[in-house]
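What follows is a single structure, written as structure tokens, with notes after it.
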Ligand code: UT7
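Numbering (the working numbering), first residue to last: 912 to 1242.
Here it is as structure tokens:
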């Protein structure tokens, strides 16, 4: 008899740093206005990591909340995946720092780099690793300290990003199939639209790259906007197709929270019921890999998600990368 392994989602957890940076604060830093930021993006404020905090500290706080909710021991975790583009250091992985802080020494660990789509890519990897029989309990974290890679003199980018972390715990199961479907995509011909030019082998960090602020995020916003709308709408529909589901079956949509206008345009293009779209971009801005999982955790805490609900996450980011996944929340 076939012994098929499925995935059960045990819990979620999230953490955002205490410090709030408002649009009015930004008005004092660059030539911008609350009016421009609010109408062009929907963002009102964002969280900023404390001076003495690191990316893995944010990840640790979110992970501990998920671990406590799941009522498991850190010793049970056999794999930790961290999705981030703002790691503690280029080497070793932020997952190694997190493992040390959690004392989760039975876990194999690695980072993935898929920018804002990192949590969806991570969910797909967790599913593949669990259903193949390789791992039994996986901690997936989406975390960013984007304020550390932001040029605070560039109004085109500095008003958009924020810091935060979210975590999810998965376990192997004979009965459950909580990762109902996942769909991923990428197009490396658009690497120049959204990137950090310096600090890698193509442009090692030098005095000049630092002076020219090339170690910070650069974005051609308008171009990114267009691809974001078409690819996120495609991903929403593809993940539903793969699961044999439609908009009627989805209880809540959690889109990547980069820009309210993108969220509205994706919902319209994908034929999504507007009332089912969760929004928290006004509070946090774009937290890249942390965005969808922080939003999901908050939606659960607010009672927007009930036991047994189907939630669809969709994201888009640098690469370009995109993806969507449909999750059953059964805890
Ligand atoms: O996380 C995944 C990837 N990221 C995204 O999905 C973000 C995608 N892009 C966007 O969300 C939008 O393109 C932005 C919010 C970045 C920009 O909005 P936009 O409507 O595309 O504005 P724009 O770039 O066309 O700029 C319009 C004007 C420009 O002035 P001029 O050239 O028309 O005189 C900008 O210089 O707004 C100006 N501008 C600003 N003005 C005040 C740009 N940034 C600001 C600012 N405050 N912060």
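We put the CB at the ideal spot given by N, CA and C, even for glycine.
query, result
"Is it right to say residue 912 is buried, meaning 16 or more other beta carbons lie within 10 angstroms of its own, or is it exposed?", "With a pLDDT of only 48 at residue 912, under 50, the local geometry of the prediction cannot be trusted, and the value read off the model is given with reservation. Answer is exposed; the Cβ neighbour count stays below 16."
"Identify the continuous beta strand (DSSP E) that holds residue 993 and give its terminal residues.", "990-994"
"Excluding the five sequence neighbours on either side, which residues of its own chain have a C-beta within less than 6 Å of the C-beta of residue 1169, listed in chain order?", "1197"
"To the nearest whole angstrom, what separates the beta carbons of residue 1140 and residue 1177, a pair I think is in contact under 8 Å?", "6 Å"
"Between residue 1234 and residue 1207, what straight-line distance do the alpha-carbon atoms span, to the nearest angstrom?", "16 Å"
"When you compare each of 981, 1003, 937 and 946 to residue 1080 by their alpha carbons, which one comes out closest?", "981"
"By alpha-carbon positions, which one of 1090, 1040, 928 and 1068 ends up nearest to residue 920?", "1090"
"What are the partner residues of residue 1188, as DSSP defines its beta bridges?", "1164"
"Starting from residue 1083, trace the beta strand (DSSP E) in both directions and tell me its first and last residue.", "1074-1084"
"Under a three-way DSSP split, which group does residue 1033 fall into?", "helix"
"Taking the alpha carbon of residue 1107 as the reference point, which residue from 1156, 1228, 992 and 1187 has its own alpha carbon closest?", "1228"
"What three-state label does DSSP hand residue 912 in the structure shown?", "Its pLDDT being 48, under 50, residue 912 is placed unreliably in this model, and the value from its coordinates should be taken loosely. Three-state result, residue 912: coil."
"Excluding five sequence neighbours on each side, which residues of the same chain lie with their C-beta closer than 7 Å to the C-beta of residue 1082?", "919, 921, 1047 and 1048"
"On the three-state DSSP scale, how would you describe residue 1097?", "strand"
"Assuming residue 991 and residue 1026 form a contact by the criterion Cβ under 8 Å, report the distance between their Cβ atoms to the nearest whole angstrom.", "Not confirmed; about 19 Å, so no contact."
"For residue 1078, count neighbouring C-beta atoms within 10 Å of its own C-beta (all shown protein chains included) and say buried if the count is 16 or more, exposed if not.", "buried"
"If residue 924 and residue 1085 are in contact, beta carbons under 8 Å, what's the gap, nearest whole angstrom?", "In fact, because the Cβ distance is near 25 Å, the residues do not count as touching under 8 Å."
"So if DSSP puts residue 1049 in a beta bridge, which residue, or which two residues, is it bridged to?", "990 and 1081"
"For residue 1166, collect the residues of the same chain with a Cβ closer than 7 Å to its Cβ; drop the 5 residues on either side in sequence, then sort them by chain order.", "1143, 1174, 1177, 1188 and 1225"
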